[in-house]
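Everything on this sheet refers to the single structure shown next.
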Amino acid sequence: MDERKERGDRGEAAVADWLQARGCRLLERQFRCRYGEIDLIARDREGTICFVEVKTRSSSRFAQAREFVTEAKRRRLRAAASAYLAREGLGEAACRFDVAEVYPDGGWDRPRINYIISAF
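Using the numbering used here, the first residue of the sequence shown is number 1317, and each one after it goes up by one.
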């Protein structure tokens, strides 16, 4: 496995653990459809479905990870989320799009996670 993919998978696992520790129920990991991929899909304590884009970077020195969620990526995420909601029969469910920035600068046992609710 290449280093970038491994870092991304570790970042997604860290965010999944972070969400579950805060009472969220993980519904899907790496949901794929013809429109793209959603890293994590969770349901929060209030029942809102959270479509989470995880961005893992070795540092924020050049740019913050959230800056890599472009408008084109947002369109693909919205389309994939619609496909997921249709597949699950959840067309009227409350949902939102969150972005999780993961910086493993302190090591993978305690990565720094910046979680942005309703990022777009």
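All residues carry an ideal CB built from backbone N, CA and C; glycine is no exception.
Just so it is clear, the structure is predicted and the values come from calculations on it, not from any experiment.
Does the segment 1349-1359 come within contact of the segment 1399-1418, defined as at least 3 CB pairs closer than 8 Å? yes
Could you give the C-beta distance for residue 1412 and residue 1364, rounded to a whole number, given that I count them as a contact under 8 Å? 6 Å
How close, in whole Å, do the beta carbons of residue 1345 and residue 1332 come, if the pair is a contact with beta carbons under 8 Å? Residue 1345 to residue 1332, Cβ: 7 Å. Contact.
Would the C-beta of residue 1391 count as close to the ligand PLP, meaning under 7 Å from any of its heavy atoms? With respect to small molecules bound, the structure shown includes none, and the ligand PLP cannot be examined in it.
Ordered list of alpha helix (DSSP H) runs contained in the segment 1369-1430, each at least 4 residues: 1387-1404
Name the two residues that bound the continuous alpha helix (DSSP H) containing residue 1435. Run containing residue 1435: none; DSSP gives neither H nor E here.
Hey, how far is the Cα of residue 1423 from the Cα of residue 1405? 40 Å
Distance CB(residue 1340)-CB(residue 1326) smaller than 8 Å: no
I'd like the span of the beta strand (DSSP E) that includes residue 1353, first residue to last. 1352-1359
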